[in-house]
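Chemist:
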Amino acid sequence: MQESMHHAVHRFSSPDASAIVSAIDRDGIAAVENFVDPADLDVAQQFVRQSVAANGGNYLDFKGSGQLDGTFLKSLPSDPGFVGLCHGIYEKSIGAPAPDTGFYQVLRCLSGSLARSNSLNFHYDSYVLTALIPIIMPDRGKRGDLLIIPNVRRVRSSYAGNMIDKILLDNPLSQGVLRGLYARKSGLIRHVRLVPGTLYLFYGYRTIHTNETCDPEAIRSTALFHFADPHAESGLKTLLRRH
Ligand SMILES: O=C(O)CCC(=O)C(=O)O
Ligand SMILES: [Fe+2]
5 MQESMHHAVH
15 RFSSPDASAI
25 VSAIDRDGIA
35 AVENFVDPAD
45 LDVAQQFVRQ
55 SVAANGGNYL
65 DFKGSGQLDG
75 TFLKSLPSDP
85 GFVGLCHGIY
95 EKSIGAPAPD
105 TGFYQVLRCL
115 SGSLARSNSL
125 NFHYDSYVLT
135 ALIPIIMPDR
145 GKRGDLLIIP
155 NVRRVRSSYA
165 GNMIDKILLD
175 NPLSQGVLRG
185 LYARKSGLIR
195 HVRLVPGTLY
205 LFYGYRTIHT
215 NETCDPEAIR
225 STALFHFADP
235 HAESGLKTLL
245 RRH
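Taking my numbering, the leading residue of the sequence shown gets 5, the next gets one more, and so forth.
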């Protein structure tokens with residue numbers, strides 16, 4: 005059952021925004037295989053392994069690209085091909101010009117005793133498009149799949165509407181129901197088996213998603229590039245952020 009779901013992810017070798025949008029609309033996620041040069045992936049993997057080791061084998065994340073010198077993750081957010089692809093996907097799916105903003109970048113390194121608390125937290129992202137590149141996947145224990153319930157909601161017209169969606173999801177009852185569905189291997193939750201170096205694209209804002217946990221002795225590392233906050237201009241959001 006789960007194997008057939010993996011095959012539902014359409015894999016592209018050369019990215020084309022229209023084809024990717026069709027695949028995301030149909031399957032909830034699209035994949036661009038061999039997106040990262042193997043030598044670049046290798047350097048990023050070493051960076052993650054060293055960072056986790058220096059952190060006592062425990063979870064850490066890097067926000068922004070400030071600490072990622074020497075890895076492809078430093079330059080990717082300004083790479084014209086990558087930026088062009090993300091803008092193209094945004095424009096074809098939303099039907100409006102992509103905002104002139106950068107990415108909200110996070111490199112997550114799941115390992116150690118904190119792996120569990122940083123897993124199975126089902127959520128919507130604050131940004132329309134999520135680009136995800138697995139750097140390292142666990143070599144033992146759980147596979148560390150990405151779990152998705154695709155395109156559950158629309159882009160809300162107001163930040164208040166967005167907040168209500170988030171409150172309805174981010175509470176112990178809803179999380180318990182979703183974790184129960186996951187434990188029972190419900191077909192409602194799709195498993196995406198992640199391959200390091202492949203680029204995955206989905207609508208993080210509209211998709212309920214999370215990651216499987218990983219063995220404390222293993223490492224599960226993903227690079228995330230979040231693009232386009234639909235409520236960036238919201239007065240309510242600005243007010244709540246300030247206080
Ligand atoms: O690490 C993953 O696979 C997903 C992480 C995620 O959804 C997020 O950081 O917003
Ligand atoms: Fe997310």
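Every residue, glycine too, gets a C-beta built ideally from N, C-alpha and C.
Where do the N-terminal and C-terminal ends of the beta strand (DSSP E) with VAL138 fall, by residue?
Modeler: Taking the first residue of the sequence shown as position 1, residue 138 is located at position 134. In the sequence on display, residue 138 carries Pro and not Val. Segment 133–140, the beta strand (DSSP E) holding PRO138.
Chemist: Does the distance between the C-beta of LEU228 and the nearest non-hydrogen atom of ligand 1 fall short of 6 Å?
Modeler: On the sequence shown, residue 228 is found 224 positions in, with the first residue counted as 1. Yes.
Chemist: Where does GLN50 land, buried or exposed, given buried means 16+ other C-beta within 10 angstroms?
Modeler: One-based indexing of the sequence shown puts residue 50 at position 46. GLN50 is exposed by the Cβ-count criterion.
Chemist: Quick one: using the 10 Å Cβ neighbour count with 16 as the cut-off for buried, is PRO19 buried or exposed?
Modeler: Counting from 1 along the sequence shown, the entry for residue 19 is found at position 15. Buried, by the Cβ-count rule.
Chemist: Would you mind reading off the limits of the alpha helix (DSSP H) that contains SER97?
Modeler: Taking the first residue of the sequence shown as 1, we reach residue 97 at position 93. SER97 -> alpha helix (DSSP H) spans 84–98.
Chemist: Which residues does DSSP pair with THR226 in a beta bridge?
Modeler: Against the sequence shown, residue 226 aligns to sequence position 222. THR226 pairs with ARG112, PRO138.
Chemist: Quick one: is GLU216 buried, meaning 16 or more other Cβ sit within 10 Å of its Cβ, or exposed?
Modeler: Counting from one through the sequence shown, the residue named residue 216 turns up at place 212. By the 10 Å Cβ count, GLU216 comes out buried.
Chemist: If you draw a straight line from the C-alpha of ARG112 to the C-alpha of VAL52, how long is it?
Modeler: On the sequence shown, position 108 is the one that residue 112 refers to. On the sequence shown, position 48 is the one that residue 52 refers to. Looking at the two C-alpha atoms, the distance is approximately 9 Å.
Chemist: In the DSSP output, what is ILE153 paired with across the bridge?
Modeler: Residue mapping note: residue 153 aligns to position 149 of the sequence shown, counting from 1. In the DSSP output, where bridge partners are listed per residue, ILE153 has ILE212.
Chemist: In this structure, how does DSSP classify LYS146 when only helix, strand and coil are distinguished?
Modeler: Along the sequence shown, one-based indexing puts residue 146 at 142. Three-state result, LYS146: coil.
Chemist: Does ligand 2 have a heavy atom nearer than 6 Å to the CB of ASP149?
Modeler: To locate residue 149, count along the sequence shown from 1; it is residue 145. It does not: the Cβ of ASP149 is nowhere closer than 6 Å to a heavy atom of ligand 2.
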